[in-house]
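Peer 1: Residue numbers (the numbering used here): 634 to 741.
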Amino acid sequence: MDFGKYKSCIEACNVCATYCDACAVACLKEDDVKMMAECIRLDMQCAQICRLATSLMAQGSEYASEVCRICADICKQCGDECAKHDTEHCQECAKACHRCAEECAAMA
């Protein structure tokens, strides 16, 4: 299936959602889970908005660009939070979030 102009954004959102899910689970296994609370919260929200954005883009919905705008904001916030932590899972997640934020901003 050809998703045209949405292809790279859909791919970035799918990667981001996967990294956010993995990061949230890894954060729950950290010794100081309380310190990771904001990271976990944003990981969960970011993964959800990425999934919604991919679904709407795949459908060619007229709401896709508006959701992509919101997705870009959440991805940036999540990426910034993850970047504060030295763990490998947070650093990898931050990269995926920032890439997704750029892709979604271009769609907004």
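Cβ atoms here follow ideal geometry from the backbone N, Cα and C, with glycine treated the same way.
Quick caveat: nothing in here was measured; it's all calculated off a predicted structure.
Using a Cβ-Cβ cutoff of less than 7 angstroms, which residues in the same chain neighbour Ile703 once the five nearest sequence positions on both sides are dropped?
Peer 2: Ile682
Peer 1: Leaving aside the five residues before and after Ile707 along the sequence, list all residues of the same chain whose C-beta is less than 8 angstroms from its C-beta, in chain order.
Peer 2: Leu675, Gln678, Cys679, Ile682
Peer 1: For Met668, is the classification buried or exposed, using 16 other Cβ atoms within 10 angstroms of its Cβ as the cut-off for buried?
Peer 2: exposed
Peer 1: Quick check: the stretch 723-736 against the stretch 644-652, are there 3 or more CB pairs under 8 angstroms?
Peer 2: yes
Peer 1: Can you confirm whether the stretch 685-701 touches the stretch 636-646 when touching is taken to mean that 3 or more C-beta pairs between the two stretches lie within less than 8 angstroms?
Peer 2: Verdict: yes, contact present.
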